[in-house]
Amino acid sequence: VERVPAHEGYRIGAGIVKLAAHVPYSRHLITAARPYLLELAQTTGETVNLCLPDGDQAHYVDQIDSQYHLQIQDWTGYRFPMHAVSNGKLFLAYWPEEHLEKYLRRPLQSYTPKTVTDPDQLRQELSRIREQGYAWAISESEEEIVGLAAPIWDEDGHLVASICVGGPAFRFPPAGKSEEMENLVIKIGQRISIHLSDRS
-1 VERVPAHEGY RIGAGIVKLA AHVPYSRHLI TAARPYLLEL AQTTGETVNL CLPDGDQAHY
59 VDQIDSQYHL QIQDWTGYRF PMHAVSNGKL FLAYWPEEHL EKYLRRPLQS YTPKTVTDPD
119 QLRQELSRIR EQGYAWAISE SEEEIVGLAA PIWDEDGHLV ASICVGGPAF RFPPAGKSEE
179 MENLVIKIGQ RISIHLSDRS
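Numbering (the numbering used here), first residue to last: -1 to 198.
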């Protein structure tokens, strides 16, 4: 800290500011998003993830576990190919066209019978995701696991992360509440985005 000239008191010094500048952006994002992840987990009772794009993979950087005994494993630190998970499909939907086409030219690995690996089918789904503002993945990375993701934007309007809620297919989404879950996860993503803009 340093003394404020002509005043009684102190302020954060240049040394702390310099240290803060070297903290990775992802760490700032995790800290900012965590209260919202906790809120979404408490509201739904299900597992909630924070995910960042990392090259051509979706990188899971934080997770709040489900309140149920039967729950999804902790994916924190794991990376998945974009096309196989709801977070990744969301990122693909907003990629520049040339990057997307390069990704779709490669062989797309199938993890379950429901993994979308056909480029034309995936293009159609990504178009719907852009229109709707959310992405589902139903038994695509793992059998009977369902995920629903919504975007997080920075102050410049760049997609920097996604928030996802998910659980076993037999209980998520709750019967007749798919639209309610979609609206909820979109709203939480918007609130995180606003929070990030307010911090800038």
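Even for Gly, the Cβ is constructed at its ideal location relative to N, Cα and C.
Buried versus exposed, by CB contacts within 10 Å (16 or more), residue i
i: GLU95; result: exposed
i: SER125; result: exposed
i: ALA201; result: Outside the displayed range of the chain (-1 to 198) lies residue 201, so it cannot be described from this structure.
i: LEU27; result: buried
i: ILE192; result: exposed
i: GLY187; result: buried
i: LEU194; result: buried
i: ASP214; result: In the structure displayed, the chain extends from -1 to 198; residue 214 sits before or after that span and is not available.
i: LEU36; result: exposed
Residue interval of the beta strand (DSSP E) (run including residue i)
i: TYR58; result: 55 to 62
i: ALA135; result: 133 to 136
Residue i - DSSP class collapsed to helix/strand/coil
i: ASP72; result: coil
i: ALA91; result: helix
i: THR29; result: helix
i: LEU48; result: strand
i: LEU106; result: coil
i: ARG121; result: helix
i: VAL183; result: helix
i: GLY165; result: strand
i: SER199; result: Residue 199 is absent from the model: the chain starts at -1 and stops at 198.
i: ALA147; result: strand
i: ALA82; result: helix
Minimum C-alpha distance to residue i - residue among the options
i: LEU63; options: ARG32, HIS193, GLU177 and VAL158; result: The amino acid at residue 63 is misidentified as Leu; the sequence shows Asp. Selected option, being the one with the closest Cα: ARG32.
i: SER108; options: GLU129, ALA135, GLU180 and ALA82; result: ALA82
i: GLY164; options: GLY155, PRO117, LEU38 and ASP116; result: LEU38
i: ILE190; options: GLU138, LYS175, TRP151 and ILE143; result: TRP151
i: ALA91; options: VAL158, LEU182, MET179 and LYS175; result: VAL158
i: GLU138; options: MET80, LEU48 and GLY174; result: MET80
i: TRP93; options: ASP116, PHE78, THR115 and ILE127; result: ILE127
i: ASN47; options: GLU178, ASN181 and LEU146; result: LEU146
i: VAL114; options: GLU129, GLU140 and ASP60; result: GLU140
i: GLU129; options: ASP60, LEU50, TYR66 and ILE184; result: ILE184
i: ILE136; options: GLN61, GLN40, SER176 and TYR66; result: SER176
i: MET179; options: GLU44, ALA30 and THR29; result: GLU44
| message | So, does the stretch 56 to 76 touch the stretch 96 to 116, judging by three or more C-beta pairs under 8 Å? | response | no
| said: If contact is defined by three or more beta carbon pairs under 8 Å, each pair taking one atom from either stretch, is the stretch 39 to 56 in contact with the stretch 71 to 87? | reply: yes
| query | Quick check: the stretch 107 to 124 against the stretch 162 to 178, are there 3 or more CB pairs under 8 Å? | reply | no
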